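The structure appears below as structure tokens.
Numbering (our numbering), first residue to last: 9 to 123.
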């Protein structure tokens, strides 16, 4: 059974940076399609970034140029580096690991950006 442990959220001012971590337990992240999602109040979860098993990274347009997704094999951890944060980035951020037919979620970490 795979479990995902997120950390690194917090409160920052506009223009600040945070790095979210998603530690993968019970499996290797490189075996899964890894992703970061976020949920803002009253909205559905939307994908922010993905990291494929072959190492390809994809960033959604709204945060492209500000967010970077990466993986650390020795730590078995996936990171989301978030720079130049804006108030609209305020959300709960979730880590996800997919390997059909399974999909695993972390509990989420809150990011709050004040203007």
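Glycine included, C-beta positions come from ideal geometry on N, C-alpha and C. Treat the numbers as computed from the prediction; the structure is a model and nothing was measured.
I believe residue i touches residue j by the beta-carbon criterion, under 8 Å. Please report the beta-carbon distance rounded to the nearest angstrom.
| i | j | result |
| --- | --- | --- |
| residue 110 | residue 28 | Residue 110 to residue 28, Cβ: 22 Å. No contact. |
| residue 9 | residue 34 | 5 Å |
| residue 12 | residue 87 | With 8 Å as the limit, residue 12 and residue 87 do not qualify as a contact, their Cβ atoms being about 13 Å apart. |
| residue 95 | residue 55 | Rounded, the Cβ-Cβ distance is 20 Å, inconsistent with contact. |
| residue 31 | residue 117 | 12 Å between Cβ atoms; not a contact. |
| residue 76 | residue 99 | About 17 Å separates the two Cβ atoms, so there is no contact after all. |
| residue 14 | residue 79 | With 8 Å as the limit, residue 14 and residue 79 do not qualify as a contact, their Cβ atoms being about 14 Å apart. |
| residue 45 | residue 81 | Going by Cβ atoms, the distance from residue 45 to residue 81 rounds to 23 Å, so no, they are not a contact pair. |
Locate the beta strand (DSSP E) running through residue i, then write down its first and last residues.
| i | result |
| --- | --- |
| residue 14 | 11 to 15 |
| residue 98 | Neither: residue 98 is in no beta strand (DSSP E) and is coded neither H nor E. |
| residue 112 | 110 to 113 |
| residue 31 | 26 to 33 |
| residue 88 | 85 to 90 |
Per the DSSP calculation, residue i is bridged to which residue(s)?
| i | result |
| --- | --- |
| residue 71 | BP columns for residue 71 are empty, so no partner. |
| residue 51 | DSSP output for residue 51 lists no bridge partner at all. |
| residue 62 | According to DSSP, which records beta bridges pairwise, residue 62 is partnered with nothing at all. |
Please classify residue i as buried or exposed, where buried requires at least 16 neighbouring CB atoms within 10 angstroms.
| i | result |
| --- | --- |
| residue 6 | Lying outside 9 to 123, the shown extent of the chain, residue 6 is not represented and no answer is given. |
| residue 73 | exposed |
| residue 97 | buried |
Problem - At least three beta-carbon pairs within less than 8 Å, the segment 9 to 19 to the segment 51 to 67 - result: no
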